[in-house]
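Visitor: Sharing a structure, written as structure tokens. Questions coming.
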Amino acid sequence: MDNQVSGVIVATRTAFTQITALAVQYSFSILGAIILLIIGWTLARLIHNWAYSGLKKVHGIDETLARFFSNIIRYALLLLVFITVLGQFGVQTASIIAALGAAGLAIGLALQGTLQNIAAGIMLLVLRPFRVGETIQTPQVSGTVREIGLFATELVTADGVYLLAPNSTLWNVPVTNYSREATRKFDLSITVAREQVDQATTVLNDLARADGRVLDAPPPRVFIDSFSGSNATLILRVWIGTPDWWKTTRDLTHNAQARLAMEDIAVN
């Protein structure tokens with residue numbers, strides 16, 4: 000009986016000693032891991048803010064793109080810190096890195112379309128074929144750009160309909176940007192009788208020069224485009240500031256018809 004009691008006491012002391020040794024050993028590991036996490040988290044945030052501020056100052060880098068790249072840097076640093084912390088506890092980090100690589104490859108294959116949209120979004124934000132507020136047209140979509148995201152671009156069509164276009168559909172196609180240049184040309188075609196060509200030319204020239212929204216350089220021009228029987232087709236060519244283009248072209252068309260009618264010039 001005494002021998003059994005002595006054996007239990009010895010076993011208990013041995014177990015306590017081992018537990019104490021493990022506690023001491025892992026307490027330092029846990030303390031080191033906590034310190035690493037605090038330092039890593041702080042550094043990741045500081046570097047994230049520094050990268051975001053620096054990227055915003057780079058010409059051609061959109062705020063969305065600056066935020067995207069700075070977040071990638073932050074999460075990469077946090078991942079590195081996490082792997083380092085695991086190493087504190089004797090975990091084989093090489094196998095973890097290999098597993099993360101395999102998982103990343105699998106996710107990339109599964110999200111191939113999404114990654115394609117992200118790549119297209121980055122290119123759109125870097126090269127900027129269009130900006131927020133500009134009116135664009137592609138073979139598939141048209142409208143005024145409301146927001147350019149990493150996955151898709153928001154637009155509003157001419158009839159006020161909201162449109163969400165995946166970035167990949169805007170990157171691999173020709174894009175017509177109606178708002179990028181400061182001025183735009185407008186050709187107004189009018190067909191009149193041959194004997195009234197000179198009179199109509201004078202009316203159209205006076206009409207264009209009287210409109211303050213029509214630019215003086217290049218100056219307005221009226222020329223004969225073609226003949227058809229007893230008729231001649233005149234072209235009034237003017238240049239207009241892009242913000243005023245739509246309203247001015249509609250006014251010129253309406254006013255030309257009214258002025259030619261006042262001069263008894265028949266428009267065929």
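All residue numbers for the sequence shown refer to numbering that gives the first Met the number 0, where the first residue is 0 and numbers rise by one. Every residue gets a Cβ at the ideal spot worked out from N, C-alpha and C, and that includes glycine.
Can you tell me the Cα-Cα spacing of Pro128 and Leu214, whole angstroms?
Guide: Spanning the two alpha carbons is a distance of roughly 26 Å.
Visitor: Excluding sequence positions up to five away, which residues of its chain have a Cβ less than 8 Å from the Cβ of Asn116?
Guide: Only Leu149, Phe150, Ala151, Pro165, Asn166 and Ser167 meet the Cβ criterion.
Visitor: Look at Arg212 and Ile239 and say whether their C-beta atoms are less than 8 Å apart.
Guide: Going by C-beta atoms, Arg212 is nearer than 8 Å to Ile239.
Visitor: Start and end of the beta strand (DSSP E) containing Gln136?
Guide: Gln136 -> beta strand (DSSP E) spans Thr134 to Gln136.
Visitor: Which residue wins for smallest C-alpha separation from Val221, given the options Leu233, Ser227 and Gly228?
Guide: That would be Leu233, whose Cα lies nearest to the Cα of Val221.
Visitor: Just the C-alpha distance for Gly193 and Glu133, rounded to the nearest angstrom, thanks.
Guide: It should be noted that the sequence gives Arg, not Gly, for residue 193. Each residue's alpha carbon lies about 42 Å from the other.
Visitor: Just confirm the distance between the C-beta atoms of Leu235 and Leu203, as a whole number of angstroms; I'd bet it's less than 8 Å.
Guide: Yes, Leu235 and Leu203 are in contact; Cβ-Cβ is about 5 Å, under 8 Å.
Visitor: Taking only the alpha-carbon atoms, compute the straight-line gap between Ser141 and Ile135 and give it to the nearest angstrom.
Guide: Looking at the two C-alpha atoms, the distance is approximately 6 Å.
Visitor: DSSP three-state call for Phe150: helix, strand or coil?
Guide: The answer is coil: DSSP assigns Phe150 none of H, G, I, E or B.
Visitor: Given a threshold of 16 other Cβ atoms within 10 Å of its Cβ, counted over all protein chains shown, does Leu110 qualify as buried or as exposed?
Guide: Because the pLDDT at Leu110 is just 49, under 50, the model does not fix this residue reliably, and the value given afterwards should be weighed accordingly. Burial call: exposed.
Visitor: Less than 8 Å between the CB atoms is what I'm expecting for Asp39 and Leu77, so what's the real figure, rounded?
Guide: For the sequence presented, residue 39 should be read as Gly rather than Asp. The Cβ separation is near 7 Å, so the contact holds.
Visitor: What do you get for Thr247, buried or exposed, if any count of 16 or more other CB atoms within 10 angstroms of its CB means buried?
Guide: Burial call: buried.
Visitor: DSSP has Gly142 in a bridge; who is on the other side?
Guide: Answer is Ile135.
Visitor: Do Asn267 and Thr200 have their C-beta atoms closer together than 8 Å?
Guide: Against a cut-off of 8 Å, the Cβ pair of Thr200 and Asn267 comes out as no contact.
Visitor: Mark Gly318 as exposed unless 16 or more other C-beta atoms lie within 10 angstroms of its C-beta, in which case mark it buried.
Guide: Summary: the structure shown does not reach residue 318, with the chain confined to residues 0 through 267, and so no result is reported for it.
Visitor: Tell me whether Asp250 sits in a helix, a strand or coil according to DSSP, three-state version.
Guide: Reduced to three states, the DSSP call for Asp250 is helix.
Visitor: If distances are taken between C-alpha atoms only, which option among Asn48, Val80, Gln195 and Asn176 comes closest to Ala265?
Guide: That would be Gln195, whose Cα lies nearest to the Cα of Ala265.
Visitor: How far does the beta strand (DSSP E) with Thr232 in it reach, from first residue to last?
Guide: Looking at the DSSP string, the run of the beta strand (DSSP E) that includes Thr232 is Asn230 to Gly240.
Visitor: Tell me the rounded alpha-carbon separation between Thr113 and Thr156.
Guide: Distance between the alpha carbons of Thr113 and Thr156 is about 24 Å.
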